[in-house]
């Protein structure tokens with residue numbers, strides 16, 4: 001059975017498990033807070049977040065950090081719901 | 001189909017497109033119901049903007065690691081437990 005990129009338990013690998021920790025950067029804390037606020041307001045639930053993460057291209061998924069996947073999924077789901085226009089974040093950032 | 005602690009169950013290996021919480025490494029594997037949890041909103045529909053009703057029963061299911069990984073070389077008593085929704089379980093005894 002073909003397994004999606006997020007469904008990783010038991011994937012063959014010779015690489016050791018990366019158990020390293022890091023201090024969370026401000027943007028990571030902010031991403032966590034945004035997802036919490038969206039959940040509490042009813043704009044996006046955790047299952048939608050996960051579905052958004054699972055929709056990433058395998059190579060992009062593999063290259064992305066944990067909270068980068070949250071960012072991708074949040075933008076995807078909010079755009080899908082019309083709460084965010086496609087490209088709106090990029091346009092704001094370029095001002 | 002509902003289950004009770006001690007029941008032998010198999011995790012369904014049916015194909016399923018889209019979001020679901022049954023991990024691939026458990027599909028088709030046989031385990032034992034350890035605990036009956038509450039019912040929870042169904043993530044498979046909730047992930048697509050629905051309300052997740054009707055809520056689905058969740059179970060804690062235990063597996064022998066040697067059954068999950070044929071090449072497992074750890075202690076023969078080593079086990080893994082996972083939460084699995086009722087609609088992903090089939091009777092296996």
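Residue numbers (this note's numbering), protein chains in the order written: chain A, 1 to 95; chain B, 1 to 93. Positions of the beta carbon are idealized from the N, C-alpha and C atoms, including for glycine.
Given that a residue counts as buried once 16 or more other Cβ atoms are within 10 Å of its Cβ, and exposed if not, what is residue i?
| i | result |
| --- | --- |
| residue 93(A) | exposed |
| residue 9(A) | exposed |
| residue 71(A) | buried |
| residue 103(A) | For residue 103(A) there is no data in the structure shown, the boundaries of chain A being 1 and 95. |
| residue 59(A) | exposed |
| residue 47(B) | buried |
Hey, would you say the C-beta of residue i is under 7 Å away from at least one heavy atom of the ligand ADP?
| i | result |
| --- | --- |
| residue 85(A) | With respect to small molecules bound, the structure shown includes none, and the ligand ADP cannot be examined in it. |
Determine the extent of the beta strand (DSSP E) in which residue i is found, giving its start and end residues.
| i | result |
| --- | --- |
| residue 59(B) | 56-64 |
| residue 39(B) | 30-40 |
| residue 8(B) | 8-11 |
| residue 82(B) | 79-85 |
| residue 23(A) | Note, residue 23(A): premise wrong, no beta strand (DSSP E); not H, not E. |
| residue 90(B) | 89-91 |
Do residue i and residue j have their C-beta atoms within less than 8 Å of each other?
| i | j | result |
| --- | --- | --- |
| residue 12(B) | residue 88(B) | yes |
| residue 47(A) | residue 5(B) | no |
| residue 41(B) | residue 82(B) | no |
| residue 37(B) | residue 50(A) | no |
| residue 62(A) | residue 17(A) | no |
| residue 76(A) | residue 55(A) | yes |
| residue 34(B) | residue 60(B) | yes |
| residue 7(A) | residue 28(B) | no |
| residue 21(B) | residue 39(B) | no |
Quick one: what's got a C-beta closer than 7 Å to residue i's C-beta in the same chain, skipping five residues either side?
| i | result |
| --- | --- |
| residue 74(B) | 65 |
| residue 15(B) | none |
| residue 41(A) | none |
Skipping 5 residues on each side, what residues in its chain have a beta carbon closer than 8 Å to that of residue i?
| i | result |
| --- | --- |
| residue 78(A) | 38, 43, 44 and 84 |
Keeping to the same chain, check which residues put their C-beta closer than 6 Å to that of residue i; ignore five residues upstream and five downstream.
| i | result |
| --- | --- |
| residue 69(A) | 53 |
| residue 78(B) | 65 |
| residue 10(B) | 30, 90 and 92 |
| residue 45(B) | 52 |
| residue 67(A) | 28 and 31 |
| residue 7(B) | 33 |
| residue 62(B) | 31, 32, 34, 79 and 81 |
Can you name the start and end residues of the alpha helix (DSSP H) that residue i belongs to?
| i | result |
| --- | --- |
| residue 43(B) | 43-46 |
| residue 58(A) | 58-63 |
| residue 49(A) | 46-54 |
| residue 93(A) | 88-93 |
| residue 83(A) | No alpha helix (DSSP H) contains residue 83(A), which DSSP labels as neither H nor E. |
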